[in-house]
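Protein chains in written order, with the working numbering: chain U, 6 to 151; chain A, 6 to 151; chain E, 96 to 174; chain B, 96 to 174.
Quick reminder that beta carbons are idealized off the backbone N, C-alpha and C, glycines included.
None of the values given here were measured: they were computed from a predicted structure.
Before any comments, here is the structure.
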């Protein structure tokens, strides 16, 4: 599943669903990104996607991950719209025969999602709203896989 | 939470609980290990622990992970007793401000749990039962952190 | 008429995120928008702004059919 | 009397996993078990078998109190 949602979601419900009925998957790795309060520095995060295009671009990277890490399955759910502190932003799950591949694929997908995926991010803070670009660290993380 | 259980558990329920009420945790990584059917090669996995000692030893490594990776929280649940194919064996969750630390801590904990944690593992297969030792790969994985 | 979409700060600069534009090539659409709204024109010409035609990134100019969807994408921030 | 626990294949070799043994030091307990059951004695002397006294690994011999818990641990396999 590759999907966007405007609603708050429960990462645990997604993990339960993802694990169900697996007989040959030894390893499931997940990552959940949560909006941080930054001690009041950010009150609301807003994410804009290009519906259709964004899912398709993420799907291409998910296919790369399947091939590169020999995954059995991948699932990605990403919030769009306004996100309050403490709410999940993104959930990625990867399934493989062994743990190294599942971990690395999850890490790889998150590096892509945090730096290159087609989202536009606005932070609404005490000093007003501003569009943000990826951090240098996010670019450096993503470049590890090139 | 560091705990052992003889009962089947739902990793998703653990993840929901682990994520609840977090305001400054940006990153939650999890790993779920599932018993593989190995195309009929293993029918039942049996894990023996030393109650009290096993949790305490795992707790020491969890404390190491908290310090080394600056974690906000760690949760580990491990099955003992007889485990059928498709059932979860282990769930590890790590929470931190940023994703690199959460991923690395989860990876570190799994390498320890798979190679050095105080469990004794028996495989009941078509050819009878046998006690198993960690794979060379598990030792090599664990040695990455020394 | 092509459907034109603006994302991220481009939508804030223009004050709209979707409208119809009568033009038959990507650069003609951009020039048309810039002529109407110089601030938007400057934002569209900024480094890193990409153009997607029917949800595929296109480099350089290209003809635009009557039912086309043209999107102007500022640098993507990731999620 | 110390409570003696056997784990993993040691329990299978002995045919029991917990019993009381009247001895006042770790090596004396091991010798006592070996005298009763030579196959278990051989398994306890195998490389990698560790001894825990009151849930802490001990290297070498050590005195054992009357309420002590002594566990013989073959090489740990991980989970």
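What in chain B is Cβ-close to residue i, meaning under 7 Å?
i             : result
residue 57(A) : 150
Since residue i meets chain U, which of its residues come closer than 9 Å, beta carbon to beta carbon?
i              : result
residue 168(E) : 55, 58, 123 and 125
In whole angstroms, what separates the C-alpha of residue i from that of residue j?
i              : j              : result
residue 153(A) : residue 139(E) : Summary: the structure shown does not reach residue 153(A), with chain A confined to residues 6 through 151, and so no result is reported for it.
residue 169(E) : residue 109(U) : 30 Å
residue 100(B) : residue 114(B) : 7 Å
residue 9(A)   : residue 125(A) : 14 Å
residue 184(E) : residue 105(A) : The requested residue 184(E) is not part of the displayed model; chain E covers only 96 to 174.
residue 92(A)  : residue 39(A)  : 6 Å
residue 7(U)   : residue 80(U)  : 6 Å
residue 117(E) : residue 97(E)  : 6 Å
residue 161(B) : residue 53(A)  : 26 Å
residue 22(A)  : residue 56(A)  : 24 Å
residue 163(B) : residue 151(B) : 11 Å
residue 130(U) : residue 84(A)  : 45 Å
residue 143(E) : residue 32(U)  : 39 Å
residue 172(B) : residue 171(E) : 47 Å
residue 112(B) : residue 106(B) : 5 Å
residue 29(U)  : residue 102(A) : 33 Å
residue 174(B) : residue 11(U)  : 39 Å
residue 132(A) : residue 43(A)  : 14 Å
residue 99(A)  : residue 90(A)  : 26 Å
residue 123(A) : residue 96(U)  : 32 Å
residue 94(U)  : residue 117(A) : 30 Å
residue 107(U) : residue 136(B) : 43 Å
residue 126(E) : residue 72(A)  : 57 Å
Along chain E, which residues have their Cβ under 8 Å away from the Cβ of residue i?
i              : result
residue 153(U) : Chain U is shown from 6 up to 151; residue 153(U) falls before or after that span and cannot be answered.
Chain U partners of residue i, CB-CB under 7 Å?
i              : result
residue 104(E) : 136
residue 115(A) : 104
Give me the chain U residues within the contact set of residue i, using Cβ-Cβ distance strictly less than 8 Å, ordered along the chain.
i              : result
residue 109(E) : Going along chain U, no residue has its Cβ under 8 Å from residue 109(E), so there is no contact; the nearest lies around 14 Å.
residue 18(A)  : 17 and 21
Could you list which residues in chain E have their beta carbon closer than 9 Å to that of residue i, in chain order?
i              : result
residue 118(U) : 173 and 174
residue 70(U)  : Ordered by position in chain E, no residue passes the 9 Å Cβ test against residue 70(U), which lies about 16 Å from the chain.
With a threshold of 7 Å on Cβ separation, who are the neighbours of residue i within its own chain once the five nearest residues in sequence on each side are excluded?
i              : result
residue 113(U) : 70 and 150
residue 121(B) : 146, 148, 153, 156, 157, 159 and 165
residue 134(B) : 108
residue 74(U)  : 101, 106, 109 and 110
Listing by chain order, which chain B residues have their CB less than 9 Å from the CB of residue i?
i             : result
residue 52(A) : 172 and 174
Among the residues of its own chain, which have a CB less than 6 Å from the CB of residue i, if the five just before and after it don't count?
i              : result
residue 87(U)  : 49 and 51
residue 143(A) : 119 and 120
residue 78(U)  : 100
residue 134(U) : 127
Determine the chain A residues that contact residue i at a beta-carbon separation under 7 Å, and present them in chain order.
i              : result
residue 112(U) : 108
If the cut is a Cβ gap below 8 Å, which residues of chain B does residue i touch?
i             : result
residue 61(A) : 150
Leaving out five residues before and five after residue i in sequence, what residues of the same chain have Cβ atoms less than 8 Å from its Cβ?
i             : result
residue 67(U) : 7, 79, 81 and 114
residue 16(A) : 35, 37, 93 and 96
Exercise. Do the segment 154-174 of chain E and the segment 142-149 of chain A touch if we need at least three Cβ pairs shorter than 8 Å?
Worked result: no
Exercise. Is there contact here, the segment 133-147 of chain E with the segment 123-140 of chain A, by at least three beta-carbon pairs under 8 Å?
Worked result: no
For this session: Output, in sequence order along the chain, the residues in the segment 79-97 of chain U whose CB is closer than 7 Å to any CB in chain E.
Result: Taking 7 Å as the Cβ-Cβ cut-off against chain E, the residues of the segment 79-97 of chain U that qualify are 83, 94 and 95.
Problem set entry | Residues from the segment 129-149 of chain B in contact with chain A, defined by Cβ distance under 7 Å | 147
For this session: Could you please tell me which residues of the segment 26-50 of chain U, in chain order, have their CB closer than 9 Å to any CB of chain A?
Result: 26, 27, 28, 29, 30, 31, 32, 33, 34, 35, 36, 37, 38, 39, 40, 41, 42, 43 and 44
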